[in-house]
Amino acid sequence: MLQNSAKDDLVKPIPLSKRKYLANFLGRAQGKVGRLQLLKLSKQFPDKLEAPELKFSGTEKFGRIEYFQHLRNAKFCLAPRGESSWTLRFYEAFFVECVPVILSDQIELPFQNVLYYNQFSIKWPATRIGVELLEYLDSITDTEIKRMIARGRQVRCLWAYAPESVECSAMTGILWELQRKVRHFHQSAETFWLHNGSVVSRNLVPFNEWRPPMLLP
């Protein structure tokens, strides 16, 4: 069992000014195009993007503590599609206070009827993974990043189940969903969102500027 101090070190966030990388992707390539693109991009920009291909065994395998120490060392945690459209990395990012960047167009998010995901995360088209993505992330100020992290800190309790005595848990989100009849935020494979809360198309055109013919969000 880990000592309390070790547990604290495992998840304690690093101040933004001391984080080494702009973004990171800590996962296996799995032959997926988006993941392979990130590995290639990290070799082009090793000072901005950390993306070592994780191993299941051997000397290059990350231990649990080492994994989270790396995860917390970037401002943005990239979450590309894996074997399915969802990824555990999206949820892990909240607990090291790293802004998650979803790179999975078909992802289905929990409690999306009651949460405004564009307040604490970014969804970027998987078809536009490349230098443009890094340039965009680099343009976001630390003030804006801190705002998103603060909002994420408020909702991360929804990602875990807890006893009824705990005020906020996944059960809270389920009850919210049941109470709400109107979808205030619609997430689909053709909608994406940026750090400033704007919802955009695959071509990064703001939703309020879309004109027919177009794919409905």
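Just so it is clear: in the sequence shown, position 75 is 1145 by the working numbering, and no numbers are missing.
The beta-carbon is built from N, C-alpha and C at its ideal position, and this holds for glycine as well.
With H, G and I counted as helix, E and B as strand and the rest as coil, what does DSSP make of residue i?
{"i": "Ile1244", "result": "helix"}
{"i": "Phe1164", "result": "helix"}
{"i": "Lys1193", "result": "strand"}
{"i": "Phe1132", "result": "coil"}
{"i": "Leu1274", "result": "coil"}
{"i": "Phe1095", "result": "coil"}
{"i": "Trp1156", "result": "coil"}
{"i": "Leu1228", "result": "helix"}
{"i": "Ser1185", "result": "Sequence inspection shows Leu at residue 1185; the Ser mentioned does not correspond to that position. In the structure shown, Leu1185 sits in coil (DSSP, three-state: anything other than H, G, I, E or B)."}
{"i": "Leu1141", "result": "helix"}
Can you say whether residue i is buried or exposed, counting buried as having 16 or more other CB atoms within 10 angstroms of its CB?
{"i": "Thr1213", "result": "exposed"}
{"i": "Val1252", "result": "Residue placement at Val1252 cannot be trusted, given a pLDDT of 41 that sits under 50; what the coordinates show is reported in the next sentence. Classification of Val1252: exposed, given that the 10 Å Cβ count is below 16."}
{"i": "Pro1233", "result": "exposed"}
{"i": "Arg1098", "result": "exposed"}
{"i": "Pro1276", "result": "exposed"}
{"i": "Arg1142", "result": "buried"}
{"i": "Arg1159", "result": "buried"}
{"i": "Leu1245", "result": "exposed"}
{"i": "Leu1248", "result": "exposed"}
{"i": "Asn1278", "result": "exposed"}
{"i": "Tyr1231", "result": "exposed"}
{"i": "Val1270", "result": "buried"}
{"i": "Asp1117", "result": "exposed"}
{"i": "Ser1235", "result": "exposed"}
Please confirm whether residue i and residue j have their CB atoms less than 8 Å apart.
{"i": "Phe1030", "j": "Leu1124", "result": "Residue coverage of the chain in this structure runs from 1071 to 1287, which leaves residue 1030 outside it and unanswerable."}
{"i": "Leu1204", "j": "Ala1093", "result": "yes"}
{"i": "Trp1194", "j": "Ile1219", "result": "no"}
{"i": "Trp1229", "j": "Tyr1161", "result": "yes"}
{"i": "Leu1274", "j": "Gly1200", "result": "no"}
{"i": "Pro1150", "j": "Gly1104", "result": "yes"}
{"i": "Gly1243", "j": "Val1169", "result": "no"}
{"i": "Pro1083", "j": "Glu1136", "result": "no"}
{"i": "Gln1107", "j": "Gly1152", "result": "no"}
{"i": "Leu1119", "j": "Tyr1091", "result": "yes"}
{"i": "Gln1189", "j": "Gly1267", "result": "yes"}
{"i": "Arg1217", "j": "Phe1165", "result": "no"}
{"i": "Phe1146", "j": "Leu1207", "result": "yes"}
Can you tell which of the options has the C-alpha that lies nearest to the C-alpha of residue i?
{"i": "Thr1197", "options": "Leu1248, Lys1102, Arg1217", "result": "Lys1102"}
{"i": "Ser1258", "options": "His1265, Gln1100, Ile1177, Tyr1206", "result": "Ile1177"}
{"i": "His1140", "options": "Ala1163, Gln1182, Leu1158, Pro1233", "result": "Ala1163"}
{"i": "Ser1191", "options": "Leu1248, Gln1224, Asn1143", "result": "Gln1224"}
{"i": "Lys1088", "options": "Leu1108, Val1270, Glu1202, Ala1144", "result": "Ala1144"}
{"i": "Gly1210", "options": "Leu1248, Ser1235, Leu1179, His1265", "result": "It is Ile, not Gly, that sits at residue 1210 in the sequence shown. Selected option, being the one with the closest Cα: His1265."}
{"i": "Thr1157", "options": "Gln1189, Leu1086, Leu1096", "result": "Leu1096"}
{"i": "Ser1154", "options": "Leu1179, Phe1138, Arg1134", "result": "Leu1179"}
What residue range does the beta strand (DSSP E) around residue i cover?
{"i": "Ala1088", "result": "Per the sequence shown, the amino acid found at residue 1088 is Lys instead of Ala. It is not in any beta strand (DSSP E) - Lys1088 carries neither H nor E in the DSSP assignment."}
{"i": "Leu1173", "result": "1169-1173"}
{"i": "Ala1149", "result": "1144-1150"}
Could you tell me the boundaries of the alpha helix (DSSP H) in which residue i lies?
{"i": "Leu1108", "result": "1103-1114"}
{"i": "Gln1176", "result": "First-last for Gln1176: undefined, no H or E at that position."}
{"i": "Tyr1206", "result": "1201-1208"}
{"i": "Gln1224", "result": "1212-1225"}
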